[in-house]
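Q: Position 38, counted from 1, in the sequence shown is what our numbering calls 672; the numbers after and before it change by one each time, with no gaps.
Glycine residues also receive a C-beta, built at the ideal position from the N, C-alpha and C atoms.
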Amino acid sequence: MLAILSDEELGDKITMEQYYYNHMNKAQQAAYHSILSGVKNLADEFQIPALEGEEL
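1. Secondary structure at ALA665, three-state DSSP: helix, strand or coil?
2. Given a cut-off of 9 Å, decide if GLU689 and GLN662 are closer than it, judged by their beta-carbon atoms.
3. Look up LEU685 in the DSSP assignment and say whether it is helix, strand or coil.
4. Exposed or buried, ALA684, counting other C-beta atoms within 10 Å across all chains shown (16 or more means buried)?
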């Protein structure tokens, strides 16, 4: 299902993303970037730093 967000909703989403990102430690931020990059590039596989499942 595709959802179309208004500018206001999109602004709220970006703010939430930044909020949670700022609460991640450096290892979690690195994993976030690896996952985001892999998903954006539709990669068959991608590597992320070794973290406990709860941290991901």
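A: Working from what's here:
1. helix
2. yes
3. coil
4. exposed
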